[in-house]
Structures are given as structure tokens and as C-alpha cells.
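Residue numbers (this note's numbering): 134 to 585.
We put the beta carbon where it would ideally sit given N, CA and C, even for glycine.
On a predicted model such as this, the values are computed, not experimentally measured, just so you know.
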């Protein structure tokens, strides 16, 4: 069949990048609950920590194509895995807002570069009749990684500094992938691009388990020759209706990103905590359902998309997404959403030491300062705070004491009705499932490939 054990093994090792990518995307959902409390982060600072990964991914997406053509797909995956290990190691020894941003940027560069290189590498080593199946393996690994991240969030939610364990779990797997990729062959197509035809022939014979790969070698050379006849600007010409195809493709990708799915992955635990799942453990456990649903709903999208059609999946998924989001909005309109708890979940030390503005202290300095302060100094400092900060402090003290505020009705901590709490979770899960079926990687990428 041309798809031997070595080809499948090579694809599986490369697809570990998808597992690492999914894990890093879902990880911040639970880690943010602990980090925001330890570092007393404002909403803006939490958003910057989350989006710093995307800044790194943006940089890699602009340069990744050049890198994988210049250094090769296999070497790019090795570099990406090594960078992921380095970024994770940067995060562990310190409890610093700035270090978190730096480490997250490095991880963002890593997962973006690996996502580009992995898909290309698997597509180029796979035989034509098994290419779609093996490339889909990377997608399955991504959603599995998201599920693993949510499970990790719940497992370490109750541990002191559990977020460090969450970030550290990827280090052995990333290092293992980098080592394993070193022993795999380069892409045959890349070798031909570098005019190394004899090496490409040997790699193809090893991958296919055949003694003669001349025919496939000729096909690859022919396709490379055809590619050189076109330039980037040809994508925007009216010839062959190319301009309209680009517009449809860009619109599809735009809606994939703006329908809210990335926000669900990043803020699942935070959102669920704000609508009634009060503890970190409860919010993390509820968000695990998001990972389970994402994995389960991805399977039919992979298996039946060729029979049902990607356009049908797109229409059905988008319609169900609209209904679920409307339901979620309607439910949350009728319940008290604890925005203060979302933006700041502070310990007593954080409350007394936090200055107005975006002042951040590390855990070590926090303990030292708090230990050196007398009780009267705390009260004196609290009396000098501005009135709006004092009201926030009153809410925090009242919440810690288990009571309710009587001064401001809009900051009152209300118990969310059980029915509405679980209806919010159900609407969220339906939205995630509909996205995976309609706008998930398999249907949307298939439409893009069919357009061109």
C-alpha cells in the first residue's frame, strides 16, 4: 500500500507537535486562576499573559514558511520542540509577570512553527492515498492535547503552585520528540528542492518499503516545476477566479477565529467560575467537559466529512453555534456574573499589599513584606486607599468572611441557581461541539483545499 510501519511511526512522532500545541492552548485556562491570585493580576495583565502566546505565534506565522523551506521540515520541528522546552523552563523558577510573558512568547513561536512544519512534513512523507488520514492524525492530537490540558488543570488546581506542574509536564515530551525527530529522515520533497535527488530516492524507498521509487520521484519533480510558474501576486488576479477564491478563503478563516472558539479554550475555567462554579477545582473540572466534547465531536468530523460534505458540515455547525451562543447569552443575562472574582481572586496578603494600578509583586517578596508589616500599619494603609479600591476591598473581605455586602447591591455575591449554572455549561459544550463539526480544522481546511 506504500504506507508501511515506518511511515506511520514517523507521522505519529511528528504529530506529537499537535499534542503539545493543544496542551499549551488549553493549559492557560486553569493556570490563569492560580497565577492571577498569586501575582494579583488585573484584567489587562491577565489578557496580556494569555495573548502573549498569540504574539509569538503571529511572529512565527510570518517567518515559518521561509524557515521550513530554508532549513527543512524535520529540523524546524526539532527547533520548535527545543524552543518549547526552553520556554517552559523559563517559566518554572520564577513568579514574575514579565517572565511569564517572555516564556509564553517563546512557547507561541514554538507551537506556530511546529504546526506549519508538522502538517507539511506528514503530507510530504505520506503516500497520496493515505495523506488525508495521516494529516488528520495531527488534528486529533491537538484536541487530545486540549483535553490533557484541562485534566492537568483539574489535577493540580488544589496544589500550591500547581501551575508550575502544569507548565512543566510538556518538558519531557518536547525533549523526547526533538530527540526522536533527529533519527527520522528529511522530507523527500525538501531534498528534491535542494537538488539532492539520490538522497530523496533512498528516503522514498525506505518510507514506501519498495525497491524502486522512480515514479513517485518523477511526480514530485513535476509538481515542483509547476509551482515555480506562479508567484504570490497571482493569488490576487482575476484569472481563474482566483481573487474570489482568496476572498472566500480569508472570510472562512476570519470567522474561524472570531466566533469565539479560541477565547473558550483560553478562558474556559475563568468563564465557568464567573457563572457559579466557585472554586478553582470546580471550574477546572467543569472545563474538562469542554476537552472531552472537543475530542468526541472531532471524530465524526474526520470520519464522515468526505461522505456528508464539508459545506453541509459548515452550515449545520454554524447554525447550531448561533443557537447555543444565543442560549448562553440569554441565560447569563438572567444571572449575576461575578466580574470582580474573575478579574481578581486575592488572598488577604494580596489585598493589603496591592497598590492602585497595575502593581505586581512576586510570591517571595509578597511573603517578606507581609511578614514585616504590623496590624496597625495594614489598617493605616487601607484607610488611605481611594474610595473605589476600598469598595473592592470590602467585597473581598466580605467574600472571605462568608458574608454579604449591604452597601452596594451590584457587588453582592449572589448564589447562581443550579439550573442556570448547568444550562450555561451545556450551552458552552454544544457550542464547542458545533464548532468542531462545522468550523473545526478538518471541515474548514478541507474547504480551503477544495477552493484551490
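Opening and closing residue of the alpha helix (DSSP H) in which residue i lies
i	result
residue 395	394-407
residue 338	330-341
residue 194	176-204
residue 228	Here residue 228 belongs to no alpha helix (DSSP H), and DSSP marks it neither H nor E.
residue 148	It is not in any alpha helix (DSSP H) - residue 148 carries neither H nor E in the DSSP assignment.
residue 562	551-571
residue 321	321-326
Closest by C-alpha distance to residue i, when choosing among the options
i	options	result
residue 139	369, 440, 317 and 398	317
residue 197	376, 242, 440 and 270	242
residue 393	568, 142 and 450	568
residue 399	460, 369 and 280	280
residue 343	557, 137 and 553	137
residue 564	226, 397 and 414	397
residue 422	436, 405, 442 and 251	405
residue 388	461, 454, 330 and 172	454
residue 290	437, 420, 223 and 440	420
residue 143	267, 334 and 347	267
residue 402	274, 285, 348 and 361	285
residue 426	561, 354 and 304	561
residue 152	276, 457 and 467	276
residue 253	201, 375 and 235	201
residue 315	199, 456, 169 and 213	213
residue 311	331, 210, 273 and 283	210
residue 327	357, 303, 348 and 386	357
residue 235	278, 183 and 272	183
residue 269	215, 303, 458 and 145	145
residue 129	347, 172 and 557	There is simply no residue 129 to check, as the chain begins at 134 and stops at 585 in what is shown.
residue 258	282, 334 and 440	334
residue 228	170, 177 and 195	170
residue 325	395, 353, 383 and 374	353
residue 410	445, 441 and 554	554
residue 161	173, 300, 215 and 247	300
residue 461	287, 424, 559 and 445	559
Classification of residue i by the beta-carbon crowding that lies within 10 angstroms, buried from 16 upward
i	result
residue 372	exposed
residue 505	Only weak support is given to the placement of residue 505: the predicted model assigns it a pLDDT of 46, under 50, and the value that follows is read from those uncertain coordinates. Counting Cβ neighbours within 10 Å, residue 505 comes out exposed, since fewer than 16 surround it.
residue 551	exposed
residue 507	With a pLDDT of 36 at residue 507, under the threshold of 50, the modelled position of this residue cannot be trusted; read the value that follows with caution. Counting Cβ neighbours within 10 Å, residue 507 comes out exposed, since fewer than 16 surround it.
residue 478	At residue 478, the pLDDT of 44 sits below 50, so the modelled position is not reliable; the number obtained from the coordinates is stated separately. Burial call: buried.
residue 147	buried
residue 481	With a pLDDT of only 40 at residue 481, under the threshold of 50, the placement of this residue in the model should not be trusted; the figure read from the coordinates follows. By the 10 Å Cβ count, residue 481 comes out exposed.
residue 443	buried
residue 366	exposed
residue 412	exposed
residue 341	buried
residue 430	buried
residue 185	buried
residue 355	exposed
residue 351	exposed
residue 661	The structure shown does not extend to residue 661, since the chain is modelled only from 134 through 585, so no value can be given for it.
residue 362	exposed
residue 390	exposed
residue 179	buried
residue 79	Only positions 134 to 585 of the chain appear in the structure, and residue 79 is not among them; the question remains open.
residue 347	exposed
residue 490	Low local confidence applies: a pLDDT of 40 at residue 490 is under 50, so the model's placement there is unreliable, with the coordinate-based value given in what follows. Exposed, since its Cβ has fewer than 16 Cβ neighbours within 10 Å.
residue 428	buried
Counting only runs of 4+ residues fully inside the segment 427-476, write out the alpha helix (DSSP H) ranges in chain order.
443-466 and 472-476
Segments assigned beta strand (DSSP E), at least 3 residues, entirely inside the segment 358-393
none
Secondary structure, alpha helix (DSSP H): runs of 4+ residues fully inside the segment 278-313:
295-301
Evaluate contact between the segment 318-325 and the segment 206-213, counting only Cβ atoms and requiring at least three cross-stretch pairs below 8 Å.
yes
Do the segment 291-303 and the segment 156-168 make contact, defined as three or more Cβ pairs closer than 8 Å?
yes
State whether the segment 214-224 contacts the segment 253-267, with contact taken as three or more CB pairs (one from each stretch) at a distance under 8 Å.
no
For the structure I just gave you, are there three or more beta carbon pairs, one from the segment 446-464 and one from the segment 301-314, closer than 8 Å?
no
Cβ pair count under 8 Å reaching 3, the segment 145-159 against the segment 230-249
yes
Does the contact criterion of 3 or more C-beta pairs under 8 Å hold for the segment 427-438 versus the segment 178-198?
no
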